[in-house]
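Q: Handing you a structure now.
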Amino acid sequence: MDPSDYDILQIKTGGIVSVRTAGFQALLDAKAKSRDLTSKSALTPLADDLVQGAANEERIVRRDFQEFGIRGATVHPAPGPSNTCGQQAPPPPEPGKAVTYDKYLKATYNSGDPHVREQHIELMKETLDKQFDPEGTTIGDARHRAHMVGLYHTFLKHHVPDLPVSQYWAESTICKWIELFLINLVQCSTGRQGLRIRTSTLRRWLTSLIPLIGRYTFNRQGEAVGANLLAGGFYLRLPAREKWSECRSLASYTYSCFAVMRNFKLNRYPGPRGYLSQRDLQAMFERGLEDTETFGRESFLQTHLAFVIVFHTAIRVSSLAACHPKYEEWGQYIKLEDLTIIVYGPGIWDVEIKVYHRKGQNQSTDPGYSLDFRLDAVSQVHNLVFDAGISLLCILLLRGALVGIETVDQLFAYKQRYIRIKPRMLKEPL
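Going by this note's numbering, the first residue of the sequence shown is number 130, and it counts up by one from there.
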């Protein structure tokens, strides 16, 4: 997908350009009269309101992380600067990058008055002077990072017009402007249906900016110091900006207030979808296992296994059981004798299944004909919830259907090639 297709990159244009650029939607709702923010006279009362609000907020005492129950791994010394990595600034963005954002900022600063720009910057700083909670991030894809470079260059071109492009990734520039850049993007960007962007959008920006900072930031001597800057605490500050909840855990900030997501009332809930993702299914199954710890475990495992089989084989769920009296009479449902469990190691079990109930084809084909499927064990830990062998053996273990296996320890210590099912239970339905 081209980065321009992301809803996070759709910038609002038209009659409300000035309102969006000034930002702070909560205050703008309360001051509907301050719609035109392209002049100094209109900006002044709004800025006064912000300053007064910040002054009335409760001050907090600086505290250590330990007081808030925050645990961290062993802290290693930050790497020193290096000039041996062949570091250089990223290439300037292509002409097609950040075009809408560029038009947006031009419309905002069309008066040519430097005081207007200064007051916009002060408004962004009012939001920046808050207190947040750190959260980890991951690296975004390269194409989106390239687009973020274009947005960042456009931001500096309008807000710091006298700054040479060669200094855009200087350590002093990054420390002073990168957080204001994030806030300005939130102010200027419009999500779907004309609403504010979602919290996932802001997190996406952060995951793209952090590797850019680590890769391209340099000091006055031209040495690469991005890793040093991030390890020295800047990494915690950036992800903290997108925390949606009201936090008081970073002692480096004096004032406590709503975090950026609360301040701009960003939507932190996903939009309606017609599908379930892998993470959604994992969460559902994990919750089901937690809720059936004392009651209903086997019933839930049956539902879980039915989903996994359908997920792997694409057969109808009605093929798993007898959904009609005549199908039950014909024995066209999965029975324990239709299962073959192959052992490849402790916790690694493949399952072979014979399916005789072929909906719509039961009378036109040989009743003895079966569809054979082999469900291999998953190879990655985070996919264990989709492992058919584990779910099946849990069910059979609860039923006492396994030959020579009565406990979990015996199951993992089993050395034979095939796990056998007790003969008296082979005709039972799965």
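Ideal Cβ placement from N, Cα and C applies to all residues, glycine included.
Leaving aside the five residues before and after Glu427 along the sequence, list all residues of the same chain whose C-beta is less than 8 Å from its C-beta, in chain order.
A: For the purposes of this step, residue 427 is taken as residue 298 along the sequence shown, with counting starting at 1. Answer for Glu427: Ile524, Leu527, Arg528, listed in chain order.
Q: Determine which residues share a DSSP beta bridge with Phe547 and list them.
A: Residue 547 sits at position 418 when you count from the first residue of the sequence shown. The displayed chain sequence assigns Tyr, not Phe, to residue 547. Per DSSP, Ile471.
Q: Check each candidate in Val315, Val532, Glu422, Ser301 and name the one with the smallest Cα separation from Gly351.
A: For the purposes of this step, residue 351 is taken as residue 222 along the sequence shown, with counting starting at 1. Nearest option by C-alpha distance: Ser301.
Q: Pull up the distance between the alpha-carbon of Val294 and that of Pro340, whole angstroms please.
A: Residue 294 sits at position 165 when you count from the first residue of the sequence shown. Residue 340 sits at position 211 when you count from the first residue of the sequence shown. About 19 Å.
Q: Under a three-way DSSP split, which group does Glu427 fall into?
A: Numbered from its first residue, the sequence shown carries residue 427 at position 298. Helix.
Q: For Gln322, does the count of other Cβ atoms within 10 angstroms reach 16, so buried, or fall short, so exposed?
A: Residue mapping note: residue 322 aligns to position 193 of the sequence shown, counting from 1. Answer is exposed; the Cβ neighbour count stays below 16.
Q: Restricting to Cα atoms, I'd like to know which of Phe429, Leu314, Gly400, Ile463 is closest to Met413.
A: Sequence index remark: in the sequence shown, residue 413 carries index 284 (1-based). Nearest C-alpha to Met413: Phe429.
Q: With DSSP as the reference, please indicate the residues paired to Trp478 in a beta bridge.
A: Numbered from its first residue, the sequence shown carries residue 478 at position 349. Bridge partners of Trp478: Val472.
Q: Decide yes or no for the touch test of the segment 464–472 against the segment 430–449: beta carbon pairs closer than 8 Å, at least 3 of them.
A: Counting Cβ pairs under 8 Å, fewer than three are found: no touch.
Q: Measuring alpha carbon to alpha carbon, tell me which of Cys452, Trp306, Trp478, Tyr297 ends up nearest Pro558.
A: Locating residue 558 in the sequence shown gives position 429, where the first residue counts as 1. Measuring from the Cα of Pro558, the nearest candidate turns out to be Cys452.
Q: Classify Lys556 as helix, strand or coil using the three-state DSSP reduction.
A: As a working note, residue 556 is residue 427 in the sequence shown. In this structure, Lys556 counts as coil in the three-state DSSP scheme.
Q: Would Tyr281 be called buried (16 or more neighbouring beta carbons within 10 Å of its own) or exposed?
A: Walking along the sequence shown from the start, residue 281 turns up at place 152. Counting Cβ neighbours within 10 Å, Tyr281 comes out buried, since at least 16 surround it.
Q: May I have the straight-line CA-CA distance separating Gly417 from Val354, to the nearest angstrom?
A: As a first step, residue 417 is located in the sequence shown; it is residue number 288 there, counting from the start. As a first step, residue 354 is located in the sequence shown; it is residue number 225 there, counting from the start. Each residue's alpha carbon lies about 48 Å from the other.
Q: Between the C-alpha atoms of Tyr382 and Asn313, what's the straight-line distance to the nearest angstrom?
A: Taking the first residue of the sequence shown as position 1, residue 382 is located at position 253. Taking the first residue of the sequence shown as position 1, residue 313 is located at position 184. Its pLDDT being 29, under 50, Tyr382 is placed unreliably by the model, and nothing is read from it.
Q: Quick one: Cα of Ala112 to Cα of Ala360, how far?
A: Only positions 130 to 559 of the chain appear in this structure, which leaves residue 112 out of reach.
Q: Indicate the three-state DSSP secondary structure (helix, strand or coil) for Asp516 in the structure shown.
A: Numbered from 1 along the sequence shown, position 387 holds the residue referred to as residue 516. Coil.
Q: When the distance is taken between beta carbons, is Leu395 closer than 8 Å to Thr328?
A: For the purposes of this step, residue 328 is identified with residue 199 of the sequence shown, where counting begins at 1. For the purposes of this step, residue 395 is identified with residue 266 of the sequence shown, where counting begins at 1. Yes, the pair counts as a contact, with Cβ atoms nearer than the cut-off.
Q: Quick one: what's got a C-beta closer than 8 Å to Leu292's C-beta in the same chain, skipping five residues either side?
A: Within the sequence shown, numbered from 1, the residue matching residue 292 stands at position 163. Contacts found: Leu285, Thr302.
Q: Taking C-alpha atoms, which residue in His273, Leu522, Gly400 lies nearest to Leu324?
A: Taking the first residue of the sequence shown as 1, we reach residue 324 at position 195. Nearest option by C-alpha distance: Gly400.
Q: Counting Cβ pairs, one atom from each stretch, are 3 or more of them under 8 Å apart for the segment 475–486 and the segment 444–458?
A: Yes, since at least three Cβ pairs between the segment 475–486 and the segment 444–458 fall closer than 8 Å, the two stretches touch.
Q: Given a cut-off of 8 Å, decide if Ile519 and Arg502 are closer than it, judged by their beta-carbon atoms.
A: By 1-based counting over the sequence shown, the position of residue 502 is 373. By 1-based counting over the sequence shown, the position of residue 519 is 390. For the sequence presented, residue 502 should be read as Phe rather than Arg. Not a contact, by the Cβ cut-off of 8 Å.
Q: Which residues does DSSP pair with Leu500 in a beta bridge?
A: For the purposes of this step, residue 500 is taken as the residue at position 371 of the sequence shown. Answer is Val484.
Q: Just tell me which of Phe393, Ala542, Ala275, Arg332 has its CA closest to the CA of Gln316.
A: Against the sequence shown, residue 316 aligns to sequence position 187. Nearest of Phe393, Ala542, Ala275, Arg332 to Gln316, Cα basis: Phe393.
Q: In the DSSP output, which residue or residues are listed as bridge partners for Leu395?
A: Position 266 of the sequence shown, counting from 1, holds the residue named residue 395. In DSSP, Leu395 forms no bridge with anything.
Q: Roughly how many angstroms lie between the CA atoms of Phe440 and Val510, to the nearest whole one?
A: Mapped onto the sequence shown, residue 440 falls at position 311. Mapped onto the sequence shown, residue 510 falls at position 381. For Phe440 and Val510, the distance between alpha carbons rounds to 18 Å.
Q: Can you tell which of Val289, Pro290, Leu335 has the C-alpha that lies nearest to the C-alpha of Glu308?
A: Taking the first residue of the sequence shown as position 1, residue 308 is located at position 179. Taking only the C-alpha atoms, the option nearest Glu308 is Leu335.
Q: Would you kindly work out how many angstroms separate the C-alpha atoms of Leu521 and Arg332, rounded to a whole number?
A: Against the sequence shown, residue 521 aligns to sequence position 392. Against the sequence shown, residue 332 aligns to sequence position 203. C-alpha separation (whole angstroms): 39 Å.
Q: Would you report the Cα separation of Ile444 and Arg272, rounded to the nearest angstrom?
A: What you label residue 444 is simply residue 315 of the sequence shown in a count that begins at 1. What you label residue 272 is simply residue 143 of the sequence shown in a count that begins at 1. Straight-line Cα distance between these residues: approximately 38 Å.
Q: For Tyr543, I'd like the list of residues in its chain whose CB is within less than 7 Å of its CB, leaving aside the five on either flank, ordered along the chain.
A: Sequence index remark: in the sequence shown, residue 543 carries index 414 (1-based). So the list reads Val472, Ile534, once near-sequence residues are dropped.
Q: With distances taken Cα to Cα, identify the nearest neighbour of Asn512 among Thr346, Arg408, Tyr547, Asp538.
A: Position 383 of the sequence shown, counting from 1, holds the residue named residue 512. Comparing Cα positions, the closest option is Arg408.
Q: Are the CB atoms of Leu358 and Met277 within a distance shorter than 8 Å?
A: The residue labelled residue 277 in the question sits at position 148 within the sequence shown. The residue labelled residue 358 in the question sits at position 229 within the sequence shown. Taking 8 Å as the Cβ cut-off, Met277 and Leu358 do not qualify as a contacting pair.
Q: Please state the DSSP three-state secondary structure of Arg272.
A: The residue you call residue 272 lines up with position 143 of the sequence shown. Note: Arg272 maps to helix in three-state DSSP.
Q: Near Ile550, what residues of its chain come up, given a Cβ to Cβ distance below 6 Å and the 5 sequence neighbours on each side ignored?
A: One-based indexing of the sequence shown puts residue 550 at position 421. Closer than 6 Å at the Cβ level, and outside the excluded window around Ile550, lie Leu465, Ala530.
Q: Specify the secondary structure class of Ala435 as computed by DSSP and reduced to three states.
A: For the purposes of this step, residue 435 is identified with residue 306 of the sequence shown, where counting begins at 1. Correct three-state label for Ala435: helix.
Q: How would you label Gly425, buried or exposed, when you count the other beta carbons within 10 angstroms and need 16 or more for buried?
A: Indexing the sequence shown from 1 puts residue 425 at position 296. Exposed, by the Cβ-count rule.
Q: Please report the residue range of the alpha helix (DSSP H) in which Leu410 lies.
A: Residue mapping note: residue 410 aligns to position 281 of the sequence shown, counting from 1. It spans 407–420 - the alpha helix (DSSP H) in which Leu410 sits, taken as one unbroken run.
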